[in-house]
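Below is one structure, written out as C-alpha cells; comments come after it.
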Amino acid sequence: MPENQEALSGFIEGHVAPSLQELRILQKAPSHRALIRKALSSRTVEVRTVDQTDVFVFGGTVIGGMDHRVTTLVSSHARRVAADETLTRRHLELQNLPVPQEDQPLPDGLDIRAYVAGPQVVAAVAYVPLAALEEQLPPEEILDSEQLASLRSGPANPEGGIAVDVTELLDPSLTELAADALWSVPGLAAGAVDLWVPQLDSAAEAVVLSLDVEASVVTHHLPALGEARDVAGAIVDQLLIRASR
C-alpha cells in the first residue's frame, strides 16, 4: 500500500462511511459453485458431474463445463498465462496496456477488481483495508472472513479488505481498460482484472495489476457494501452465446 492514501480516505468518506450501517454481515455465504449452479438452473441448463468436473448440458448438447472455479470460457493457454505474473505482464505490454513500474511503489490510489464476462465489465468492487475502517466501526463490531463473504487479500492489499461495489462509479475508460486487459490473453473470455486507479472517474495513471481466472463471484454477489451483481448469470449467458454460434 502507498504511504499517501488520500484517494482511499476520500473514497471512505464519500462512499463507505455514510453507508456503514448497511454493512452486509453474513453467517454463511453460498459458494462460487452454488451460485454458478443456481444461474445454470434458472436457464434450464443441466449439470452433470464427471470425475469431479461439472459438465453443462443445454437441450441435450454440452455447452461447456467447470473445473473448480474455471469454466470453459478460459482456455488452458489462458489459464497458464494468468497464473504466471511474467507472462501476464508480457501479454499486457504487447497490447500497450499500463502496468506498474517494476521495483517502484504504487502511487496513491484504489484497489479495484473488475469482473469481465464476454466483451464487458459486469461488476466491479473497490477493496478497503480493514485497518482503514477502524475509526469508522464501533468497537463491538467484529469482522472476519466468516461474516464478510467479500473479505479478501490481493496484490495491492495483502492484509485483506472489504469489497464495496463501484460498478456504476467506474468511468467508461476504466471499464474499457479492464476488458482490454482480459482480452489481451488469447482464449480468455471471463475472469477478474485487478486494477490500481488514482480516481474512479478517469483511467489516467491507472495500471493493471493482475488477471485472476479463478476469481470467486461471491465477492460481487455479496459485497460488504453496495448492490449485488449477478456475475454467475453473466458467465452462464456467455457460455450459452458461445454454444449458439
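When we follow the working numbering, the leftmost residue of the sequence shown carries the number 1402, and every step to the right adds one. Note that CB positions come from ideal geometry on N, CA and C, so glycine has one too. Just so you know, these numbers come straight off a predicted model, no measurement behind them.
- Below 8 Å, too few C-beta pairs join the segment 1418-1431 and the segment 1440-1448 to call them touching: fewer than three.
- Here Q1639 has L1474, A1518, G1519, A1590, A1591 as same chain residues with Cβ atoms under 7 Å from its own Cβ, once five neighbours each way along the sequence are excluded.
- Taking all protein chains in view, the Cβ of G1510 is crowded by 16 or more other Cβ atoms within 10 Å, so the residue is classified as buried.
- V1463 is a Cβ neighbour of F1457, given a cutoff of 8 Å.
- V1446 is not a Cβ neighbour of V1523, given a cutoff of 8 Å.
- Here D1455 is near M1467, since their CB atoms are less than 8 Å apart.
- Note on H1469: under 16 other CB atoms within 10 angstroms of its CB, so exposed under the neighbour-count rule.
- For A1635, the enclosing alpha helix (DSSP H) starts and ends at 1632-1645.
- Ranking R1480, E1577, T1576 by CA distance to the CA of A1616 puts R1480 first.
- Within the same chain, Cβ atoms closer than 7 Å to the Cβ of A1604 are found at D1572, S1574, L1575, L1578, the five residues on either side in sequence being excluded.
- Assignment of Q1521 by DSSP, reduced to helix, strand and coil, places it in the strand class.
- Across the structure, I1636 and V1471 are spaced so that their CA atoms are roughly 11 Å apart.
- Between the alpha carbons of E1503 and L1583 lies a gap of roughly 21 Å.
- Cα atoms of D1613 and A1593: separation of roughly 5 Å, rounded to the nearest angstrom.
- Judged by DSSP secondary structure, L1474 falls outside any beta strand (DSSP E); it is assigned neither H nor E.
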